[in-house]
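**Student:** The C-terminal position of the sequence shown is numbered 894 in my numbering, with every residue numbered one higher than the one before it.
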Amino acid sequence: MTGGRLRAGVMGWPVGHSLSPVMMTAWLQAAGIAGSYEKLAVEPSGFEAACARLKADGFSGVNITIPHKEAALRVADTASDAARAIGAANVLRVTATGLHADNTDIAGIRAALDEAGWQGDGPVALVGAGGAARAALYVLDVLASRGIGDIRILNRTPERAQKIAQEMGVTARIFTMDDASHALEGATLLVNATSLGMAGQPALMPAISQLEGGAIVFDMVYVPLETPLLAEARKAGLKTADGLSMLIGQARPAFEAFFGAPPPVDVDVRALMEAALEPKR
Ligand code: NAP
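What follows is the structure, given as structure tokens:
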């Protein structure tokens with residue numbers, strides 16, 4: 614705390630593009646909390662030192678973004694079960710005994726799936742094998758209400774998909790991107806946890822006609838907000854969930870961890886974020 618003001622922020626490299634301050638500042642103002650939420654540009658070589666200074670600099674905690682999510686878990690003194698299982702943290706909270714690591718991306722993924730009406734059943738097809746895919750796998754395997762018997766992971770590098778399933782103790786069938794039509798057959802949920810579809814990247818366009826009627830397509834990418842994959846899914850009459858729902862959903866528990874109160878519900882942060890994204894579309 615600095616002069617009675619609670620201090621938090623987002624640490625990344627680069628971090629200039631982060632939309633988190635827009636949302637956190639709107640919540641702070643609406644809640645009448647004297648606090649700040651800052652962008653903290655920290656190079657990988659300076660990450661550990663920056664974390665070591667957080668308490669002395671008056672921070673109650675920070676969000677962690679690319680490329681520090683795995684390092685955040687390493688520098689933490691304690692960690693939640695979810696952060697340990699995923700192998701990455703997107704929140705570091707300053708406590709009396711040191712830094713506590715957590716992973717609220719899982720709350721973001723659940724929020725996005727809940728908004729789309731996901732029932733927690735399968736089969737599901739997950740595209741990707743990086744940090745975001747690991748968080749999705751945690752939600753699909755550990756948090757699914759009824760347990761999903763059939764998880765399929767597709768990745769450009771199938772060995773990485775095999776590795777995350779093994780490390781997380783999840784039974785999954787692994788597919789290459791070339792075999793996407795088999796992987797999607799009869800699936801009730803398709804999740805894109807790769808950077809495909811992001812502005813400047815090739816689109817992810819698997820054969821969504823293979824999905825079950827009424828399936829949900831969830832794309833974690835939010836620049837652009839409507840990716841080619843989501844546009845195609847909407848055209849096909851499927852339900853969709855976008856990356857902004859996940860971004861807002863992961864920020865809610867982080868706000869409460871940093872500022873000691875849940876974010877006010879009467880702020881339309883989605884509209885604010887969409888307006889902030891407008892120039893990037
Ligand atoms: P990451 O660890 O770097 O993983 C990247 C994934 O994308 C890997 O599976 C990689 O495949 C795949 N990939 C990258 N370029 C590809 C290409 N040209 N063709 C095929 N596959 C490609 O990244 P991450 O942290 O998991 O993030 C993944 C995505 O989730 C990003 O778009 C990120 O913005 C998004 N995300 C969104 C939120 C949110 O709140 N909405 C939060 C976190 C992440 P290989 O294994 O073969 O390299």
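For each residue, glycine too, the CB sits at the ideal point set by N, CA and C.
(1) Taking the alpha-carbon positions, what's the Leu851 to Gly826 distance?
(2) Are Asn716 and Ala696 close, meaning C-beta to C-beta below 7 Å?
(3) With three or more C-beta pairs closer than 8 Å as the rule, is the region 680-696 touching the region 729-738?
(4) Is the separation between the beta-carbon of Asp889 and that of Leu632 shorter than 7 Å?
(5) With burial defined as no fewer than 16 other Cβ atoms inside 10 Å of the residue's Cβ, what is the status of His630: buried or exposed?
(6) With DSSP run on the structure shown, which of helix, strand or coil describes Asp792?
(7) Measuring only from the beta carbon, is Tyr835 closer than 6 Å to any heavy atom that is part of the ligand NAP?
(8) Nearer than 6 Å: is that true of the beta carbon of Ala701 relative to any heavy atom of the ligand NAP?
(9) Could you spell out the range, first to last residue, of the alpha helix (DSSP H) harbouring Arg883?
(10) Pop quiz: Ala796 and Phe788 are said to be a contact at Cβ under 8 Å. What is the actual Cβ separation, rounded to whole angstroms?
(11) Decide if Val878 is buried, meaning its Cβ has at least 16 other Cβ atoms within 10 Å, or exposed.
(12) Do Ala745 and Met811 have their C-beta atoms closer together than 7 Å?
(13) Excluding the 5 residues flanking Ala785 on each side, which residues of the same chain have their C-beta closer than 6 Å to its C-beta?
(14) With burial defined as no fewer than 16 other Cβ atoms inside 10 Å of the residue's Cβ, what is the status of Asp718: buried or exposed?
(15) Does the region 618-630 come close enough to the region 865-884 to have 3 or more Cβ pairs within less than 8 Å?
(16) Short of 8 Å in beta carbon distance, which residues of its chain neighbour Asp792, apart from the five on each side in sequence? Order them along the chain.
(17) Which residues in the same chain have their Cβ closer than 8 Å to the Cβ of Pro680, if we skip the five residues on either side of it in sequence?
**Tutor:** Checking against the coordinates, here is how it stands:
(1) Here the alpha carbons of Gly826 and Leu851 stand approximately 7 Å from one another.
(2) In contact: Asn716 and Ala696 (Cβ atoms closer than 7 Å).
(3) Contact between the region 729-738 and the region 680-696 is absent, because fewer than three Cβ pairs lie under 8 Å.
(4) Note that residue 889 is Ala in the sequence shown, not Asp. Yes, they are a contact pair.
(5) Exposed.
(6) Per DSSP, reduced to three states, the secondary structure at Asp792 is helical.
(7) Residue side-chain check: Tyr835 places its Cβ nearer than 6 Å to a non-hydrogen atom of the ligand NAP.
(8) No - the ligand NAP has no heavy atom lying nearer than 6 Å to the Cβ of Ala701.
(9) For Arg883, the enclosing alpha helix (DSSP H) stretches over residues Val882 to Leu890.
(10) Sure, about 4 Å apart at Cβ, within 8 Å.
(11) Counting every other CB atom within 10 Å of its CB across the protein chains shown gives Val878 a total below 16, marking it as exposed.
(12) At least 7 Å separates the beta-carbon of Ala745 from that of Met811.
(13) Same-chain partners within the cutoff: Ile764, Ile766 and Ala778.
(14) Using a 10 angstroms sphere on the CB of Asp718, the tally of other CB atoms reaches 16 or more, which defines it as buried.
(15) Yes: at least three Cβ pairs fall under 8 Å.
(16) Leu767, listed in sequence order.
(17) Gly625, Trp626 and Pro657.
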